[in-house]
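**Student:** Encoded as structure tokens, here's the structure I'll be asking about.
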Amino acid sequence: MSVGSHKSTFFHPAYQKHDACEIDIPELLDARICFSKNVWLLLTGYGDENFSVFFFNPFTKEKVELPKYTNRESFITMSFSSPPTSSDCFVIGICGWDDFGFIKRGEKRWTSHTIIKRPEFTPSTYCNPILHKGLCYCLGENGGLGVFDPNDNPSNWIIYHNDKIPLIQEKLDSVHRSYLVESDEGKLLAIFMVEEGDTRTPIHVFELPKLQVNKTMMKPCKIVCRIVRSLGNRILYISLGGSFLEPVVPRGLGNKIYLPIIQDKKNIYYSLSTGKYCSIFDDYSTKNIHNVQEPRNCCWIQGGPKLTLNKDFEW
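Printed below as a string of structure tokens:
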């Protein structure tokens with residue numbers, strides 16, 4: 348799904364671009380998609396003085412307004428733990444790399460906290476954080492992992508260096524995008540994309556280990572991540588606005604990574620089996636992609652049960 352200045356466009360990877368559906372959704376005009384999960388979008392807009400934040404369900408057209416964020420800086424990346432209908436919904440937004448704001452279901456105002464900077468860690472501006480088991484996880488520009496407890500103020504970055512990704516460490520300058528994804532098994536996956544022209548696998552997937560988080564730890568420590576060579580009968584969808592992993596019913600169609608890129612009106616996916624970018628519409632197959640389009644302000648969204656909000660619903 349992509350949100351433009353006039354219309355919202357829905358596109359299914361199994362169909363070509365000319366089969367895309369354009370719909371007028373006034374609530375989304377001039378809004379920025381920040382994160383998506385469980386059929387809900389988390390978006391920001393701009394008011395006269397404050398930044399507005401709201402949830403939107405594109406299938407039911409239901410909108411949940413959150414209290415406006417009064418900080419002078421807008422959020423760079425955002426995430427939420429569960430649907431806004433859940434009593435334990437927790438929303439977090441990182442402004443700079445030294446402060447963040449969060450709000451919980453039922454609260455009427457945002458809470459701002461400070462993160463103590465660590466010179467050895469710079470979070471990636473292209474990777475949304477993930478809220479996992481009460482902690483906030485962020486990928487760094489150097490392939491490392493930063494973790495902090497959003498309930499602490501100030502919060503300390505807990506830094507982990509991946510000791511088993513020399514293929515990434517050798518060419519950090521070519522890593523231009525990274526993603527964190529929570530798998531259907533409750534595990535965290537880190538995905539790295541490298542620039543075109545690389546002679547090795549252009550997309551790398553790693554499974555992060557269970558971490559023993561020590562909040563007093565000030566020195567970075569090393570972790571060993573498992574290289575994921577196969578997703579089995581599952582498909583991984585990655586985008587800045589939202590990423591997820593889900594099983595496919597017909598066997599043999601899994602082990603693919605779908606990206607929000609289009610070439611000649613066809614969606615392109617990456618095959619972990621062949622290490623190439625391919626299309627389901629023809630015999631297109633290449634290690635490096637060129638002349639592709641990527642919709643701006645877009646994300647993958649998951650379908651789900653068509654539930655409606657109770658008329659008495661309150662954030």
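Per my numbering, numbering of the sequence shown is gapless, rising by one per residue and ending at 662. Glycine is no exception: its CB is placed at the ideal position from the N, C-alpha and C atoms. Just so it is clear, the structure is predicted and the values come from calculations on it, not from any experiment.
1) Please look up how many angstroms separate the CB atoms of F447 and F437, rounded, as I've assumed it's under 8 Å.
2) Who pairs with M425 in a beta bridge, going by DSSP?
3) Using the Cα positions of V541 and Y584, report the straight-line distance between them to the nearest angstrom.
4) How close, in whole Å, do the beta carbons of V595 and N580 come, if the pair is a contact with beta carbons under 8 Å?
5) On the DSSP letters alone, give me the boundaries of the beta strand (DSSP E) that G561 sits inside.
6) Take I439 and list the residues in its own chain whose beta-carbon comes closer than 8 Å to its own, dropping the five residues that flank it on each side.
7) Could you check the C-alpha separation between L535 and R452 for me, to the nearest Å?
8) Cβ of V552 within 8 Å of Cβ of I570?
9) Which of the three DSSP states, helix, strand or coil, is assigned to E374?
10) Only counting the same chain, and skipping five residues up and downstream in sequence, which positions put a Cβ closer than 6 Å to that of C485?
11) Pick out whichever of V528, S620, I372, Q610 has its Cα sitting closest to the Cα of N638.
12) Within its chain, find whatever has a CB closer than 7 Å to the CB of D445; leave out the 5 residues flanking it on each side and keep chain order.
13) Alpha carbons only, please: which of T655, W457, P567, Y605 is nearest the one belonging to T417?
14) Note down the Cα distance separating Y507 from I608, rounded to an integer number of angstroms.
15) Who are the near neighbours of D531 in its chain, counting only those whose CB is closer than 6 Å to its CB and skipping five residues on each side?
16) Between the Cα of W681 and those of S632, Y624, I604, S626, spot the shortest distance and give me the residue it belongs to.
17) Is G651 closer than 8 Å to N385 when the C-beta atoms are compared?
18) Sorted by chain position, which residues of the same chain lie with C-beta nearer than 7 Å to T633's C-beta, five sequence neighbours on each side aside?
19) Taking the beta strand (DSSP E) that I506 belongs to, which residues open and close that run?
20) If you follow the beta strand (DSSP E) that I380 is part of, which residue opens it and which one closes it?
21) Quick check on S620: buried or exposed, where buried means 16 or more other Cβ atoms within 10 Å of its Cβ?
22) Kindly indicate which three-state DSSP category G481 falls into: helix, strand or coil?
**Tutor:** With the given structure in hand:
1) F447 to F437, Cβ: 12 Å. No contact.
2) G440
3) 17 Å
4) 6 Å
5) The residue you asked about is not Gly; residue 561 is Asn in the sequence shown. Premise fails: N561 is in no beta strand (DSSP E) and is neither H nor E.
6) M425, S426, F427, F447, G448, F449, P476, L478, C483, P497
7) 25 Å
8) no
9) helix
10) P470, P476, G493
11) Q610
12) T461, I462, K464
13) W457
14) 31 Å
15) L592
16) The chain is shown from 348 up to 662; residue 681 falls before or after that span and cannot be answered.
17) yes
18) K623, Y624
19) 505-509
20) 379-384
21) exposed
22) coil
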